[in-house]
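Novice: So that we are looking at the same thing, I have put the structure below in structure tokens.
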Amino acid sequence: MPTTTYDAMRLSVAPMMDWTDRHCRYFHRLLTRRALLYTEMVTTGALVHGDVPRHLRFNAEEHPVALQLGGSEPADLAHCAKLGETWGYDEINLNCGCPSERVQRGAFGACLMAEPQLVADCVKAMVDAASVPVTVKHRIGIDKTESYAFVRDFVGAVSEAGCKTFIVHARNAWLKGLSPKQNREVPPLRYELVHRLKHDFPALRFSINGGIADADTVHGQLRLLDGVMIGREAYHNPWWLAGWDAAFFGEAPRELTREDIEAQMCDYMAREAAEHGTPWSNIARHMLGLRNGLPGARRWRQVWSDHKLKGLGAHAVMALAHEPVAQEA
């Protein structure tokens, strides 16, 4: 089994639309060698009818990396799961948790939780098509129904189709009346329901997601569950990731500095510009939280966000960014 995603799932970075693209994942991989990284959600339509390389290309350094798919047609999901395996992804994940109305119109995401047999059919088709693990990310419920039996029966039906790993966002998804942002904040967190799932399905693997932003909480959840998935905190406070391998995977601490990471990102930006014509600004946006809390961080962010500098090379921008940092330190 590859750098098994079951080991890596101990800590993972959540799939986040517009954020966890391949540039973001490359950055996160410089900080943690062990955590599992997820793509943004890719719809089956984008792969069946669109530009497959644009959606599936990733850097070899990103492993272990999981592809998250959005869809509800078993045949299309099977085709896309096989594509993901062919392109080298270590895991294929089905999105049953996104509450946005745009996703609902496509009849997938969190609204799929109301149709557990359809999800089971989708999972079975994916499992039959691909030999890498197939996982499901879902909520604990939809709308204001707060019945544990609802999520228990969903997991039971889907597990019988061959899914052995569930990533559970421990909030309900309200399909009407809340924006996606509000859906990450308003419905109450109910971690205890995820713990009950693990108790009731001890042979399955469960990772918990939702509102987790500090090491003590991670350690507490890992005593009860198989994994923890971190979302917004990983993106906005990326330097935290630099301590994950030692704190959660038992590795020796690495001698890393923020400047080391920034310089490696500049090398990556130069490579991407040469190979794909990618502007450094498309990449730099993902590392703007790297110096959070340090003197000069605001000015440093301003330089890396300044599109008037886009004619300069990335290393030159880094040099400019550190002039005010040095003065304010």
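Converting from the sequence shown to the working numbering requires adding 263 to each position, the first position being numbered 1. Cβ coordinates follow ideal geometry from the N, Cα and C atoms, glycine included. Fair warning: this is a prediction, and the values are worked out from it, not measured in the lab.
1. Going by C-alpha to C-alpha distance, which of 443, 582, 417 sits closest to residue 403?
2. If you follow the beta strand (DSSP E) that residue 302 is part of, which residue opens it and which one closes it?
3. Grouping DSSP H, G and I as helix and E and B as strand, with all else coil, what is residue 428?
4. Got a sec? Which residues, its chain only, sit under 6 Å from residue 543 by beta carbon, not counting five neighbours each side?
5. Does DSSP put residue 439 in a helix, a strand or coil?
6. Quick check for students: name the residue ranges of the beta strand (DSSP E) that lie wholly in the stretch 483-534, counting only runs of 3 or more.
7. Please state whether DSSP places residue 282 in a helix, a strand or coil.
8. When you compare the CB positions of residue 306 and residue 333, do they come within less than 8 Å of one another, or not?
9. Report all residues from its chain with a CB closer than 6 Å to the CB of residue 413; omit the five preceding and five following residues, and keep chain order.
10. Taking the CB atoms as reference points, tell me whether residue 456 and residue 411 lie closer together than 8 Å.
11. Based on the DSSP output, what are the partners of residue 445 in its beta bridges?
12. Would you say the stretch 354-364 touches the stretch 388-403, given that touching needs at least three Cβ pairs under 8 Å?
13. Since residue 560 is in the beta strand (DSSP E), which residue starts that stretch and which ends it?
14. Would you call the CB atoms of residue 508 and residue 283 closer than 8 Å?
15. Nearest-angstrom Cα distance between residue 488 and residue 271?
16. If you count every other CB in all the chains shown that lies within 10 Å of the CB of residue 275, and 16 or more means buried, which is it?
17. Quick one: Cα of residue 304 to Cα of residue 581, how far?
18. Where does residue 546 sit, in a helix, a strand or coil, going by DSSP?
19. For residue 440, which option in 495, 362, 383 has the closest C-alpha, if you only look at C-alpha atoms?
20. Is DSSP giving residue 410 helix, strand or coil here?
21. Under three-state DSSP, which class holds residue 336?
22. Here's the rule: buried if 16 or more other CB atoms are within 10 angstroms of the residue's CB, otherwise exposed. What is residue 486?
23. So, at 6 Å on beta carbons, what are the nonlocal neighbours of residue 319 in its own chain, with the 5 sequence-adjacent residues on each side left out?
24. Label residue 328 either buried or exposed according to how many other C-beta atoms from any shown protein chain fall within 10 Å of its C-beta, with 16 as the threshold for buried.
Specialist: Quick answer:
1. The count along the sequence shown starts at 1 and reaches residue 403 at position 140. Residue 417 is the option with its Cα nearest to residue 403.
2. By 1-based counting over the sequence shown, the position of residue 302 is 39. First-last of the beta strand (DSSP E) with residue 302: 299-306.
3. The count along the sequence shown starts at 1 and reaches residue 428 at position 165. Note: residue 428 maps to strand in three-state DSSP.
4. Residue mapping note: residue 543 aligns to position 280 of the sequence shown, counting from 1. Excluding positions up to five away in sequence, the list reads 532, 577.
5. The count along the sequence shown starts at 1 and reaches residue 439 at position 176. Reduced to three states, the DSSP call for residue 439 is coil.
6. 490-493
7. One-based indexing of the sequence shown puts residue 282 at position 19. Here residue 282 sits in coil by DSSP.
8. Here residue 306 refers to the residue found at position 43 of the sequence shown. Here residue 333 refers to the residue found at position 70 of the sequence shown. In contact: residue 306 and residue 333 (Cβ atoms closer than 8 Å).
9. On the sequence shown, position 150 is the one that residue 413 refers to. Result list for residue 413: 404, in chain order.
10. On the sequence shown, residue 456 is found 193 positions in, with the first residue counted as 1. On the sequence shown, residue 411 is found 148 positions in, with the first residue counted as 1. Yes, these two residues count as a Cβ contact at 8 Å.
11. Translated into the one-based positions of the sequence shown, residue 445 becomes position 182. Paired residues: none, contrary to the question.
12. yes
13. Sequence index remark: in the sequence shown, residue 560 carries index 297 (1-based). Where residue 560 is concerned, there is no enclosing beta strand (DSSP E), although the alpha helix (DSSP H) it sits in stretches over 560-567.
14. The residue labelled residue 508 in the question sits at position 245 within the sequence shown. The residue labelled residue 283 in the question sits at position 20 within the sequence shown. Not a contact, by the Cβ cut-off of 8 Å.
15. Here residue 488 refers to the residue found at position 225 of the sequence shown. Here residue 271 refers to the residue found at position 8 of the sequence shown. In a straight line, the C-alpha of residue 488 is about 14 Å away from that of residue 271.
16. The residue labelled residue 275 in the question sits at position 12 within the sequence shown. By the 10 Å Cβ count, residue 275 comes out buried.
17. In the sequence shown, residue 304 corresponds to position 41, counting from 1. In the sequence shown, residue 581 corresponds to position 318, counting from 1. Going by the C-alpha atoms only, they are around 31 Å apart.
18. Within the sequence shown, the letter at position 283 stands for residue 546. Here residue 546 sits in helix by DSSP.
19. The count along the sequence shown starts at 1 and reaches residue 440 at position 177. Of the candidates 495, 362, 383, the one whose C-alpha sits nearest the C-alpha of residue 440 is 362.
20. Locating residue 410 in the sequence shown gives position 147, where the first residue counts as 1. The answer is coil: DSSP assigns residue 410 none of H, G, I, E or B.
21. Stepping through the sequence shown from its first residue, residue 336 is reached at position 73. Here residue 336 sits in coil by DSSP.
22. To locate residue 486, count along the sequence shown from 1; it is residue 223. Residue 486 is exposed by the Cβ-count criterion.
23. As a working mapping, residue 319 is identified with position 56 in the sequence shown. So the list reads 350, once near-sequence residues are dropped.
24. Within the sequence shown, numbered from 1, the residue matching residue 328 stands at position 65. Label assigned to residue 328: buried.
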